[in-house]
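The numbering of the sequence shown is the numbering used here, which starts it at 1340 and goes up by one.
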Amino acid sequence: MRDFPLEAEFAVDRGETLVLIGENGAGKSSLLFLLSGLMPPESGRIMLGERVIYDSSKGINVPAEERDIGFVFQHYALFPHLTVFENVAFGLRRRKIPPSEIRTRVEDSLALLSIESLDAVRADRLSGGQRQRVALARALAIAPALLLLDEPVSALDAGAQERMRSELRACIRRSDIPCIAVTHSFRDALSLGDRIGVMENGRIVQNGTPDELMRSDHEFLHRFFCGCRQ
1340 MRDFPLEAEF AVDRGETLVL IGENGAGKSS LLFLLSGLMP PESGRIMLGE RVIYDSSKGI
1400 NVPAEERDIG FVFQHYALFP HLTVFENVAF GLRRRKIPPS EIRTRVEDSL ALLSIESLDA
1460 VRADRLSGGQ RQRVALARAL AIAPALLLLD EPVSALDAGA QERMRSELRA CIRRSDIPCI
1520 AVTHSFRDAL SLGDRIGVME NGRIVQNGTP DELMRSDHEF LHRFFCGCRQ
């Protein structure tokens, strides 16, 4: 992994998705891991709204479980030996939420994704699409202030990808949570993104609606929109 300063400032409205694209090594996934608290920076400052969640000069480093950020990983990171209910409840238990509230939140999250019938099924018995829905339900159950998606449909086959893009977009809007997604996919960017940000060397160098960026003469965007329709 290359070392470079990562500096990004942006706003994402409730129910809106910002999709980050860029060359490999541009800092897209690193930004998600830094925001979530799963990868500590060497130095710097990270703010979520008006809240400082990391500041090396002041010794502030809010633990990942206290940042109110939901993260759906590329390969979902479910616990294979646990049931769907137990997987979705995991983050709530880490936050010491009362058991009665845990049950309500898990049931609500499963209902949002229409997977209530899977609550007692072990994660290792789920299809790819079902695992994706469970991972999303787990991220939403903590009522996050921000949702992060890392290559959200890349682990699915082509047919399932199209269905999941539609479901993800609808779910994000229903949940009314701001979302940042990282992708290499032309279709993901257009299907999920209310706005698209282009990252280069740790900085967002362009940020706009899909229509605005499709008219850009930026070299990477030209290749992304004109050369990636596979």
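Virtual Cβ for every residue (Gly too), placed ideally from N, Cα, C.
**Request:** Starting from Phe1424, trace the alpha helix (DSSP H) both ways and give me its first and last residue.
**Result:** As a first step, residue 1424 must be located in the sequence shown, where it is residue number 85. Where Phe1424 is concerned, the enclosing alpha helix (DSSP H) stretches over Val1423 to Arg1433.
**Asked** How would you write the range of the alpha helix (DSSP H) that Ile1511 sits in, first residue to last?
**Response** The residue labelled residue 1511 in the question sits at position 172 within the sequence shown. That run of the alpha helix (DSSP H) goes Ala1497 to Ser1514.
**Prompt:** Where does Asn1363 land, buried or exposed, given buried means 16+ other C-beta within 10 angstroms?
**Reply:** Counted from its first residue, the sequence shown places residue 1363 at position 24. Exposed, since its Cβ has fewer than 16 Cβ neighbours within 10 Å.
**Prompt:** Counting contacts by CB-CB distance shorter than 9 Å, is Asp1515 in contact with chain C?
**Reply:** Among the protein chains of the structure shown there is no chain C, as only one such chain exists.
**Item:** Neighbour-count burial assignment, Thr1443, 16 or more Cβ in a 10 Å radius
**Value:** By one-based count along the sequence shown, residue 1443 stands at place 104. Thr1443 should be labelled exposed.
**Asked** Touch check for the segment 1422-1429 and the segment 1502-1516: three-plus C-beta pairs under 8 Å?
**Response** no
**Asked** In angstroms, rounded to a whole number, what distance separates the CA positions of Pro1379 and Cys1518?
**Response** Residue 1379 sits at position 40 when you count from the first residue of the sequence shown. Residue 1518 sits at position 179 when you count from the first residue of the sequence shown. Looking at the two C-alpha atoms, the distance is approximately 21 Å.
**Asked** Alpha carbon to alpha carbon, what distance is there between Thr1356 and Arg1512?
**Response** Counting from one through the sequence shown, the residue named residue 1512 turns up at place 173. Counting from one through the sequence shown, the residue named residue 1356 turns up at place 17. Each residue's alpha carbon lies about 9 Å from the other.
**Request:** Please classify Asp1527: is it buried, with 16 or more other beta-carbons within 10 angstroms of its beta-carbon, or exposed?
**Result:** Translated into positions along the sequence shown, residue 1527 becomes position 188. Per the 10 Å Cβ criterion, buried.
**Message:** Any heavy atom of the ligand FAD inside 8 Å of the beta-carbon of Leu1488?
**Reply:** The ligand FAD is not part of this structure, which contains no ligands at all.
**Message:** I'd like to check one pair, Asn1400 with Val1408: are the Cβ atoms closer than 9 Å?
**Reply:** The residue you call residue 1408 lines up with position 69 of the sequence shown. The residue you call residue 1400 lines up with position 61 of the sequence shown. Correcting the residue type first, residue 1408 is Ile in the shown sequence and not Val. Cβ distance not < 9 Å, so Ile1408 and Asn1400 don't count as in contact.
**Asked** If we ignore side chains and look at the alpha-carbon of each, how far apart do Ala1499 and Tyr1415 end up?
**Response** The count along the sequence shown starts at 1 and reaches residue 1499 at position 160. The count along the sequence shown starts at 1 and reaches residue 1415 at position 76. If I take the Cα positions, the gap works out to 15 Å.
**Prompt:** Taking the alpha carbon of Val1358 as the point to measure from, which residue in Leu1552, Leu1449 and His1561 has its own alpha carbon closest?
**Reply:** In the sequence shown, residue 1358 corresponds to position 19, counting from 1. That would be Leu1552, whose Cα lies nearest to the Cα of Val1358.
**Message:** Within 10 Å of its beta-carbon, does Thr1522 have 16 or more other beta-carbons around it, so buried, or fewer, so exposed?
**Reply:** The residue given as residue 1522 occupies position 183 in the sequence shown. Thr1522 should be labelled buried.
**Prompt:** What did DSSP end up calling Val1544 once you bin it into helix, strand or coil?
**Reply:** Reading the sequence shown from its first residue, position 205 is the one you call residue 1544. Strand at Val1544.
**Candidates Glu1440, Gly1532, Leu1560 and Ser1368, of which the one nearest Gln1545 by Cα** = Position 206 of the sequence shown, counted from the start, is the residue given in the question as residue 1545. Among Glu1440, Gly1532, Leu1560 and Ser1368, the Cα nearest to that of Gln1545 is on Leu1560.
**Request:** Sort Gly1547, Leu1495, Arg1554 and His1420 by Cα distance to Gln1607 and report the nearest one.
**Result:** Here the chain comprises residues numbered 1340 to 1569, so residue 1607 is not present and cannot be evaluated.
**Local conformation of Leu1487 per DSSP, three classes** = Start at 1 with the first residue of the sequence shown, and residue 1487 comes out as number 148. Here Leu1487 sits in strand by DSSP.
**Request:** Starting from the Cα of Pro1574, find the closest Cα among Ile1543, His1557 and Arg1554 and give me that residue.
**Result:** Nothing can be reported for residue 1574: it is not among the residues displayed for the chain, which extend from 1340 to 1569.
**Prompt:** Quick one: what's Val1358 bridged to in DSSP?
**Reply:** The residue you call residue 1358 lines up with position 19 of the sequence shown. Val1358 pairs with Ala1520 and Ile1535.
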